[in-house]
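The structure appears below as structure tokens.
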């Protein structure tokens, strides 16, 4: 995997499902309850890198019996930690050039908070948030409520025409590059996402990063989730016009999750390793908020 600079320093490759599950769950895991910050609050205040975000939630939707689930109706504890980590300039994704101002990122299961989008999108070319349609209204509310923190944003399903230049992360101005589109892992085709980031004047480069934050908790959804991840990663062409075959870096996939059920984790890892090579990111890379013992896990995947 010489196409991913610094990968050997990011963490250890996972080679055995049962060994990895035992290693992670044999240690004491702190209790984070279900993992929600405050499921009864209509809004929560969250600081990220010196900026305060107001995140509006829907406790009534969370407690409803909506078919298809309601977990995206509130903010989960791992999300602010992940947002802090992914936007840190010392993060190896930035320092190794895997992310820069020309990058396009897709998030699966974004939920209502828009928190990762709000904090990360100003550093990118385009950010595509995906989830079921029921979160869209509050997602837009949270973009509008926090626009001052991230410069102007939009949830139109049209791509911004402006492009950034390659560099280490620094805010672009203005930001008009956040899109929301519905994507149901069980019924929708991942290929439809290309319509969200490409127009007639752009070369088809696929996506630089696919990320997901705390979407692995239901064993029944593991297979469609992993399949969707693999389909999105395979949308990136191997090369462009004039490029050597195989020269383009593969889409990097980052999966962050709370440690809950070892059985669900093992099911996810077994399914994932059929489609991906997997690395568990090291404590040195993750820092205090996500390191081992925090109750959270972060893995990097590269599709086979």
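Numbering (this note's numbering), first residue to last: 55 to 358.
All residues carry an ideal CB built from backbone N, CA and C; glycine is no exception.
These numbers come from a predicted model, not from an experiment.
Below 8 Å CB to CB, which residues in the same chain sit around residue 110 once its five sequence neighbours on both sides are set aside?
-> The residue labelled residue 110 in the question sits at position 56 within the chain shown. Answer for residue 110: 96, 97, 166, 192, 195, 196 and 199, listed in chain order.
Output yes or no for whether 8 Å exceeds the beta carbon distance between residue 67 and residue 332.
-> One-based indexing of the chain shown puts residue 67 at position 13. One-based indexing of the chain shown puts residue 332 at position 278. A contact, by the Cβ cut-off of 8 Å.
For residue 25, count neighbouring Cβ atoms within 10 angstroms of its own Cβ and tell me buried if that reaches 16, exposed if not.
-> This structure cannot speak to residue 25, because the chain is shown only from 55 to 358.
Please classify residue 208: does DSSP put it in a helix, a strand, or coil?
-> Taking the chain shown and counting its residues from 1, the one referred to as residue 208 is at position 154. Below a pLDDT of 50, predicted positions are generally treated as unreliable, and residue 208, at 41, falls in that range; the measurement from the model is reported next regardless. Here residue 208 sits in coil by DSSP.
Would you mind stating whether residue 161 and residue 171 have Cβ atoms separated by less than 8 Å?
-> Position 107 of the chain shown holds residue 161. Position 117 of the chain shown holds residue 171. Their beta carbons are under 8 Å apart, which means residue 161 touches residue 171 by this criterion.
Whole-angstrom distance between residue 80 and residue 201, CA atom to CA atom = Counted from its first residue, the chain shown places residue 201 at position 147. Counted from its first residue, the chain shown places residue 80 at position 26. Between residue 201 and residue 80, the C-alpha separation is close to 43 Å.
Is it true that the CB of residue 278 sits closer than 8 Å to the CB of residue 240?
-> As a first step, residue 240 must be located in the chain shown, where it is residue number 186. As a first step, residue 278 must be located in the chain shown, where it is residue number 224. Contact flag set, yes.
6 Å CB neighbourhood of residue 436 in its chain, flanking five on each side removed | For residue 436 there is no data in the structure shown, the boundaries of the chain being 55 and 358.
Option nearest residue 243 by Cα separation, candidates 281, 265 and 115 | By 1-based counting over the chain shown, the position of residue 243 is 189. When only C-alpha atoms are compared, the closest one is 281.
Buried/exposed call for residue 101, threshold 16 Cβ in 10 Å | On the chain shown, residue 101 is found 47 positions in, with the first residue counted as 1. Exposed is the call here.
Quick one: Cα of residue 215 to Cα of residue 152, how far?
-> The residue given as residue 215 occupies position 161 in the chain shown. The residue given as residue 152 occupies position 98 in the chain shown. For residue 215, the predicted model reports a pLDDT of 36, less than 50, meaning its position is unreliable and no value from the coordinates is stated.
Between residue 287 and residue 265, is the Cβ-Cβ spacing less than 8 Å?
-> Locating residue 287 in the chain shown gives position 233, where the first residue counts as 1. Locating residue 265 in the chain shown gives position 211, where the first residue counts as 1. In this structure, residue 265 does not lie closer than 8 Å to residue 287 by Cβ.
Would you mind working out which of 139, 99 and 118 sits nearest residue 188, comparing C-alpha positions?
-> As a position in the chain shown, residue 188 is number 134, starting the count at 1. Taking only the C-alpha atoms, the option nearest residue 188 is 118.
Count the other CB atoms, across all protein chains shown, that sit within 10 Å of the CB of residue 325; report buried if there are 16 or more and exposed otherwise.
-> As a first step, residue 325 must be located in the chain shown, where it is residue number 271. By the neighbour-count rule (16 or more Cβ atoms within 10 Å), residue 325 is buried.
Whole-angstrom distance between residue 64 and residue 307, CA atom to CA atom | Position 253 of the chain shown, counted from the start, is the residue given in the question as residue 307. Position 10 of the chain shown, counted from the start, is the residue given in the question as residue 64. C-alpha separation (whole angstroms): 13 Å.
Figure out for me which residue from 285, 147 and 203 has the closest Cα to the Cα of residue 157.
-> Counted from its first residue, the chain shown places residue 157 at position 103. Of the listed residues, the one whose Cα sits closest to residue 157 is 147.
Take the Cβ of residue 246 as the centre, count every other Cβ of all protein chains shown within 10 Å, and call the residue buried at 16 or more, exposed below.
-> For the purposes of this step, residue 246 is taken as the residue at position 192 of the chain shown. Counting Cβ neighbours within 10 Å, residue 246 comes out exposed, since fewer than 16 surround it.
Could you give the residue range of the beta strand (DSSP E) that holds residue 190?
-> To locate residue 190, count along the chain shown from 1; it is residue 136. Note, residue 190: premise wrong, no beta strand (DSSP E); alpha helix (DSSP H) at 190-199.
What's the call for residue 406, buried or exposed, on a 16-neighbour Cβ count within 10 Å?
-> The chain is shown only over 55 to 358; residue 406 falls outside these bounds and no answer can be derived.
Rounded distance between the beta-carbons of residue 185 and residue 126, thought under 8 Å = Taking the first residue of the chain shown as 1, we reach residue 126 at position 72. Taking the first residue of the chain shown as 1, we reach residue 185 at position 131. Yes, they are in contact, since the Cβ atoms of residue 126 and residue 185 sit about 6 Å apart, within 8 Å.
Ordered list of alpha helix (DSSP H) runs contained in the stretch 63-133, each at least 4 residues = 71-80 and 113-116
Who are the near neighbours of residue 93 in its chain, counting only those whose CB is closer than 7 Å to its CB and skipping five residues on each side?
-> Translated into the one-based positions of the chain shown, residue 93 becomes position 39. Excluding sequence neighbours, residue 93 sits near 113, 116 and 128.
Skipping 5 residues on each side, what residues in its chain have a beta carbon closer than 6 Å to that of residue 84?
-> What you label residue 84 is simply residue 30 of the chain shown in a count that begins at 1. Correct list, in chain order: 349.
Alpha carbon to alpha carbon, what distance is there between residue 173 and residue 312?
-> Indexing the chain shown from 1 puts residue 312 at position 258. Indexing the chain shown from 1 puts residue 173 at position 119. Going from the Cα of residue 312 to the Cα of residue 173 covers about 21 Å.
CB-CB under 8 Å to residue 75, same chain, minus the five flanking residues each way: which ones, in chain order?
-> To locate residue 75, count along the chain shown from 1; it is residue 21. Closer than 8 Å at the Cβ level, and outside the excluded window around residue 75, lie 316, 319, 320 and 323.
Residue nearest to residue 330 in terms of C-alpha spacing, selected from 305, 338 and 344 = Reading the chain shown from its first residue, position 276 is the one you call residue 330. When only C-alpha atoms are compared, the closest one is 305.
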